[in-house]
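Note sheet for the following structure.
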Amino acid sequence: MECSRCKHDATFHNFEFLSRTPSGETIFYTCPAKGKQREMTEDSILDYIAHMDEASSGGWYWIIDCNGLESFHMPSIAVLQKFLTLIQERYRFVLKHVFIMNINWKMNILLQMAKPFMKDQAKERLTVVKSKLQFFANGFDSHTISKLNM
Ligand SMILES: [Zn+2]
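Sequential numbering from 1024 applies to the sequence shown in our numbering.
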């Protein structure tokens, strides 16, 4: 399955293979504000899943870059809940950790809204990154980390 929107316009969403960890897990990066889509709707959930399935053939890490995110990018509570529920079921064994970088106050509110829909395991696998050193601590190499702007 491929994303129905990016099939026609590769810049509609921003999902990038950044690199692999020494043990072969994929490091996947997304900066939603770099994509053309403004609002995340219920229809976009399947498209997001299509992108994430590309990353998840084995274990993977997900870096979410909040740079440039505005209120209009925010999903509704209903969409947020549906998305989080789906991710936690589908990638329960392969999504190793989620890193949120360049968080701003708007995205911090979204994160607080998301927490009631997250299981303990998901909360443990989530880090709001304040320093690049936190990527080193998770085994990312310096070349990978140098690609990240924060
Ligand atoms: Zn897409």
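C-beta: ideal position from N, C-alpha, C; glycine also.
Margin query: Taking 7 Å as the cut-off, is the beta-carbon of Phe1106 closer than that to any non-hydrogen atom of ligand 1?
Written below: no
Checklist line | Under 8 Å between C-beta atoms of Gln1157 and Thr1150 | finding: yes
Check your understanding: Considering only the beta carbon of each residue, do Glu1048 and Lys1119 sit closer than 8 Å?
Key -> yes
Item to complete: Count the other C-beta atoms from every protein chain shown that fall within 10 angstroms of the C-beta of Phe1051, then say buried if there are 16 or more, exposed otherwise.
Response: buried
- request: Look up Asp1164 in the DSSP assignment and say whether it is helix, strand or coil.
  value: coil
* Apart from the five residues just before and just after Arg1043, which ones in its own chain have a Cβ nearer than 8 Å to its Cβ? -> Thr1049, Ile1050
Would you tell me roughly how many angstroms separate the C-alpha atoms of Thr1108 and Glu1147, rounded to the nearest one? 16 Å
*For Arg1028, verify whether its CB is less than 7 Å away from any heavy atom of ligand 1.*
yes
query: Looking at Phe1035 and ligand 1, is the gap between the Cβ and the nearest heavy atom below 7 Å?
result: yes
So for Asp1077, helix, strand or coil by DSSP? Per the sequence shown, residue 1077 should be read as Glu rather than Asp. Of the three classes helix, strand and coil, the one that applies to Glu1077 here is helix, per DSSP.
### Task
Return the residue from the list Ile1110, Tyr1084, Gly1082 that minimises the CA-CA distance to Tyr1071.
Ile1110
Mind checking whether the beta-carbon of His1074 lies closer than 7 Å to any heavy atom of ligand 1? yes
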